[in-house]
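One structure below.
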Amino acid sequence: MKEEILQNKIVEIIKSKSLLEFITNQERLNEALNKDSDENMIPNFSIDHLLKEKYSASAKRVLQNLDDYDIISGESIRSISLDRTQRLYPDLILFNRLKRQIVVIENKTSGQTERESITELFGYAHEIRNHLPFFSDYDINYILIATDFNTLLDHSLAGQLLISDINLLCLKPEIIDEYIKGLSIYFPSGWSDIGQLDLTSDALVSYTMCLYEKENISMESFDVTTVVKMACDLIRNSAGKFKSSGLYLVWQNGHGDYLNHCKIGITIYVINPFAFLPPAYSLGFPLNTDSVLAKYLKLYVEDNGTLIHPSSMFGIAEEAERLLDKYFIVEWDRASSWQIDMADKHFALQRRPLQWDSWGAIGDYVRYCFLHPASSRYMFTDWEREKGGGYFSPYIGLQIINQLAGDKIFKLGAFSHREIFQFGLQLGCYRYACKNANELDEDKAPSYEAFLFWNALQITQSIKEITARVRDTPDINAEVSFPLAIEKAAIYPDYNRRIDNFVNWFTSDFINAEQNPTMARIFELAIQTFHYFDPLFESSLPSQEKLSIEATYSSIVREKVAEISLDKRSSVEYNYDMIASLNKNYYSGNLLELSDKEIIDTLSKIPDNELTKEFDCIFLSLLDSIKGGLFHNLNPLQLSNAIDWKAFKESADHMYDEGNRKLSILISQNGIVGLGIIESIMSLNNKDEIFVQFYPTHSVQLMTLRVKWEDLQNGNFKL
0 MKEEILQNKI VEIIKSKSLL EFITNQERLN EALNKDSDEN MIPNFSIDHL
50 LKEKYSASAK RVLQNLDDYD IISGESIRSI SLDRTQRLYP DLILFNRLKR
100 QIVVIENKTS GQTERESITE LFGYAHEIRN HLPFFSDYDI NYILIATDFN
150 TLLDHSLAGQ LLISDINLLC LKPEIIDEYI KGLSIYFPSG WSDIGQLDLT
200 SDALVSYTMC LYEKENISME SFDVTTVVKM ACDLIRNSAG KFKSSGLYLV
250 WQNGHGDYLN HCKIGITIYV INPFAFLPPA YSLGFPLNTD SVLAKYLKLY
300 VEDNGTLIHP SSMFGIAEEA ERLLDKYFIV EWDRASSWQI DMADKHFALQ
350 RRPLQWDSWG AIGDYVRYCF LHPASSRYMF TDWEREKGGG YFSPYIGLQI
400 INQLAGDKIF KLGAFSHREI FQFGLQLGCY RYACKNANEL DEDKAPSYEA
450 FLFWNALQIT QSIKEITARV RDTPDINAEV SFPLAIEKAA IYPDYNRRID
500 NFVNWFTSDF INAEQNPTMA RIFELAIQTF HYFDPLFESS LPSQEKLSIE
550 ATYSSIVREK VAEISLDKRS SVEYNYDMIA SLNKNYYSGN LLELSDKEII
600 DTLSKIPDNE LTKEFDCIFL SLLDSIKGGL FHNLNPLQLS NAIDWKAFKE
650 SADHMYDEGN RKLSILISQN GIVGLGIIES IMSLNNKDEI FVQFYPTHSV
700 QLMTLRVKWE DLQNGNFKL
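Using numbering that gives the first Met the number 0, you'd call the opening residue of the sequence shown number 0 and step up by one each time.
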């Protein structure tokens with residue numbers, strides 16, 4: 000259909016004041032927003048979900064301006080540019096008198112102009128502001144009408160939506176025999192949702208501004224708190240202008256001999272976009288892999304890795320740095336990331352949090368997550384929500400950042416040997432932090448308060464996953480409360496007894512030591528020997544104690560590996576991968592040639608310290624590959640009513656058209672749903688079906704079913 004014919008029809012509809020009624024598919028906007036009020040919908044940071052939610056809210060704001068308007072241009076196309084040599088011709092401009100908002104409508108039909116339409120559309124906004132200076136984004140509404148939204152246009156729209164709060168509505172004419180039946184709401188899709196729920200490991204990167212006292216300016220001569228608050232406000236304000244996404248953390252240096260007596264630090268974290276590229280390639284995101292830019296970026300990441308620090312983190316701090324320079328010596332310290340910092344005990348000893356805030360997509364998610372109705376049921380206690388300071392509190396807000404960064408154990412409701420061991424290490428270190436806070440001198444207060452805070456933050460996530468499992472299973476007696484404290488004043492006088500009670504309950508009831516004796520033993524050992532597995536403490540252990548710990552762990556490894564080896568080699572045809580792993584890590588490729596005695600002798604020759612150092616990453620991974628994690632009968636899983644099955648279907652159809660026949664709906668043990676890829680010889684036969692993977696109520700094995708999309712969409716599929 001020619002653009003002129005399409006525009007004339009749209010002008011006719013607008014003049015009759017029936018544009019709002021002519022737009023179809025409006026109910027889809029509510030589907031994407033239903034999860035905002037569903038207490039069973041656990042928030043996650045899926046890019047696809049963020050895009051759908053932002054677009055739906057944006058499009059609804061545009062629709063609200065189509066009930067009463069004046070036509071400024073459209074019946075006869077006029078330039079809106081002040082410069083006669085640089086003319087801009089929007090197809091239609093409307094003005095809502097009651098709300099005093101402008102609606103710009105761009106109508107494109109040819110493939111070439113669709114590539115340019117996004118640039119033209121937002122170019123009109125600049126001209127509007129030439130007439131109305133400082134006119135806000137909220138007061139400008141964009142409508143883009145196109146007969147076909149190609150990949151480039153889709154990606155451009157998605158990119159604008161993710162980094163800004165524009166009001167945008169995309170419409171696609173429903174044309175039958177040159178007759179326009181309606182204008183259907185179109186949903187831009189820059190990515191396909193294939194199970195990406197957290198940020199990747201290098202996605203939140205950082206640099207730190209360290210503030211040192213100047214020789215000629217005493218910190219007692221000015222209000223340090225106010226100066227730092229103003230600097231942080233400047234950072235957040237600049238971040239908004241530059242459309243950055245991230246957070247800052249202000250901390251007091253509790254470790255006096257570290258960083259040459261730096262008094263205060265401001266660590267700035269921003270999203271590193273380069274970290275998304277490798278997963279996007281490996282998991283099949285729809286990227287234009289033939290473009291020069293895509294090829295260059297792929298090679299750049301391959302050469303430099305994914306831990307890349309955008310220069311924007313320095314740009315958003317320029318104004319703050321100029322202010323701070325008047326009062327402090329300001330130096331930038333170490334390139335890092337959230338996950339590196341969370342694993343660094345020096346960080347925990349040094350940085351006592353004072354304040355924090357977030358902006359952009361990170362800030363939106365933090366606020367959305369805390370205020371979501373599901374947070375009171377799944378994420379935060381009543382005390383945290385009502386008296387804990389809200390998301391302004393570092394303890395509350397950084398829990399959300401930890402969740403967002405995927406920096407927690409027991410993710411998605413899985414309780415493996417390796418994660419039970421890591422929980423034991425967490426618990427042992429937390430007990431040590433409580434002991435230090437109670438016993439150390441007051442002059443070390445900032446350090447031990449910092450150490451207690453970060454250990455409490457880490458173990459909080461684990462305790463909440465455990466609490467969720469207790470809630471979701473009839474197998475476990477009521478949980479024994481854990482004595483959490485984030486500051487010295489909150490530590491229970493009898494914290495040791497309370498921790499012991501929790502450990503006894505966790506071992507006997509949660510792990511079920513009678514049925515899982517190895518896991519129970521590993522958990523209790525981890526609590527007792529946490530210091531061996533952390534470089535900060537391991538170096539100060541007495542040599543005799545280290546030898547004793549290594550002897551204990553190596554004996555477990557030798558006993559279990561010998562048992563596994565003898566079992567698996569008796570049926571080689573079913574255990575090729577397992578035998579290959581055993582050969583690689585313990586037998587130098589000779590397992591099948593060894594007698595029973597030689598197997599034991601070979602294991603005995605491996606040094607104790609070598610077996611112990613590899614206990615976590617190699618031995619426990621081996622154990623999990625054989626036995627799996629803890630099994631609890633689960634109450635029937637209640638899927639959220641707000642799941643947007645239509646959107647999942649659209650993403651799946653796109654990937655099916657690209658040749659992928661192994662698509663699956665993934666339902667985790669705690670109810671999170673995503674689109675993914677199955678590792679199976681099975682394949683889909685057509686677009687009407689999809690695989691569904693989930694854990695049945697009475698099974699520890701992941702089950703895969705082939706189901707009809709219509710059964711998912713109409714609610715006939717039950718777990």
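Note that CB positions come from ideal geometry on N, CA and C, so glycine has one too.
Item	Value
Nearest candidate by alpha-carbon position, reference Tyr141, set Phe21, Tyr123 and Asp343	Tyr123
Opening and closing residue of the beta strand (DSSP E) in which Tyr211 lies	Leu203 to Glu212
Residues that DSSP places opposite Pro352 in a beta bridge	Trp250
Residues bridged to Lys707 (per DSSP)	Glu688
Thr472 (DSSP reduced to helix, strand or coil)	coil
The segment 334 to 345 / the segment 364 to 380 touching (three or more Cβ pairs under 8 angstroms)	no
Boundaries of the alpha helix (DSSP H) in which Pro516 is found, first to last residue	Pro516 to Thr528
Whole-Å CB distance - Leu156 paired with Pro187, under 8 angstroms assumed	4 angstroms
C-alpha gap between Tyr367 and Gly389, whole angstroms	12 angstroms
Residues bridged to Thr724 [DSSP beta-bridge criterion]	The question about residue 724 has no answer, for the chain in this structure spans 0 to 718.
Per-residue DSSP class, three states only, for Lys16	coil
Residues sharing a beta bridge with Tyr178, DSSP	Ile175
Ile555 beta carbon near the ligand COA (any heavy atom closer than 7 angstroms)	In terms of ligand content, the structure shown is empty, and the ligand COA therefore cannot be addressed.
Cβ shell of Asp82 (< 7 angstroms), same chain only, five flanking positions each side left out	The predicted model places Asp82 with a pLDDT of 46, which falls under 50 and marks its position as unreliable, so this point remains unresolved.
Cβ-Cβ distance between Gln6 and Leu62 below 8 angstroms	no
Beta carbon of Tyr247 nearer than 8 angstroms to that of Thr225	no
Rounded distance between the beta-carbons of Glu688 and Asp719, thought under 8 angstroms	Residue coverage of the chain in this structure runs from 0 to 718, which leaves residue 719 outside it and unanswerable.
Nearest-angstrom Cα separation, counted from Asn106 out to Leu182	12 angstroms
Three-state secondary structure (DSSP) of Ile144	strand
Neighbour-count burial assignment, Trp337, 16 or more Cβ in a 10 Å radius	buried
Option in Pro172, Leu49, Val102 and Glu52 with minimal Cα separation from Thr23	Pro172
Range of the contiguous beta strand (DSSP E) that encloses Val102	Gln100 to Lys107
Met654 to Gln349 span [Cα, whole Å]	47 angstroms
Close Cβ partners of Arg60 (< 6 angstroms) along its chain, the five nearest in sequence each way excluded	Asn166
His697 burial status per 10 Å Cβ neighbour count (16 or more: buried)	Because the pLDDT of His697 is 47, which lies under 50, any placement of that residue in the model is unreliable, and the question is left without a value.
CA-to-CA distance, Asn271 to Val300, given in whole angstroms	12 angstroms
Assigned exposure category for Asp47 - 16 Cβ within 10 Å defines buried	buried
Supposed close pair Gly245, Ile117 - CB separation, criterion 8 angstroms	Not confirmed; about 25 angstroms, so no contact.
Three CB pairs or more closer than 8 angstroms across the segment 460 to 468 and the segment 489 to 499	no
Spatial neighbours of Tyr585 in its chain, beta-carbon cut-off 8 angstroms, leaving aside the 5 residues before and after	Val560, Ser564, Thr601, Leu602 and Ile605
C-beta atoms of Ser243 and Trp358 nearer than 8 angstroms	yes
With 16 other Cβ atoms within 10 Å as the buried cut-off, status of Pro534	exposed
Strand pairing of Tyr268, partner residues [DSSP]	Ser205 and Leu246
Spatially closest choice to Met208 from Leu306, Ala319 and Glu657, by CA coordinates	Ala319
Whole-angstrom C-beta distance between His308 and Ala334, which should lie under 8 angstroms	5 angstroms
Distance between Glu613 and Leu683 (C-alpha atoms, nearest Å)	40 angstroms
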